[in-house]
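Asker: Here it is: the structure, laid out below.
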Amino acid sequence: MNNNILRLKLKRVDPVKYATIAAILTALIMLIVFVPFMLLFSLAGAGAASGLGEGAAIFGGSVFMIILVPIIYGVMVFILTLISTSLLNWILKKTGGLDIDFEKTGLEISQIGQDQRIEQ
């Protein structure tokens, strides 16, 4: 076996922390991706009176939707990730964990998270 490989076993993932991280990431991605689309739909919605149709007004008529959509997606992702992480933990318990191989990079496990800067 290669001496540069560190073998660890994943036994459990904290569902609340993982769901929180997934929800925050999703909300941020929604802000980055959907806000421009909602603004475009708002422009199209403003032009609905001039013949673009009611569909454009439904999809983006307000700033309220720009704020609400990332929050709704964040909450939905939090709940779904909480459920899926709980299921993952149940499966990990039943199967004895998941072997994960890491490559050693010169740090010992006890050094992980410590400040490695050299004082001058």
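The sequence shown begins at 424 in this note's numbering and counts up by one. Every residue gets a Cβ at the ideal spot worked out from N, C-alpha and C, and that includes glycine. Treat the numbers as computed from the prediction; the structure is a model and nothing was measured.
Would the beta-carbon of Gly520 fall within 7 Å of that of Leu433?
Answerer: Contact flag set, yes.
Asker: Beta-carbon separation of Ala450 and Gly497 under 7 Å?
Answerer: A contact, by the Cβ cut-off of 7 Å.
Asker: How many Å lie between Ser509 and Leu503 at the Cα?
Answerer: About 10 Å.
Asker: Where Val436 and Ile444 are concerned, what is the direct C-alpha to C-alpha distance, given to the nearest angstrom?
Answerer: Near 12 Å, if we compare the C-alpha coordinates of Ile444 and Val436.
Asker: Does DSSP put Ala527 in a helix, in a strand, or in coil?
Answerer: What sits at residue 527 in the sequence shown is Lys, not Ala. Lys527: coil per DSSP, three-state reduction.
Asker: Would you give the residue range spanned by the beta strand (DSSP E) that Arg430 belongs to?
Answerer: Looking at the DSSP string, the run of the beta strand (DSSP E) that includes Arg430 is 428 to 433.
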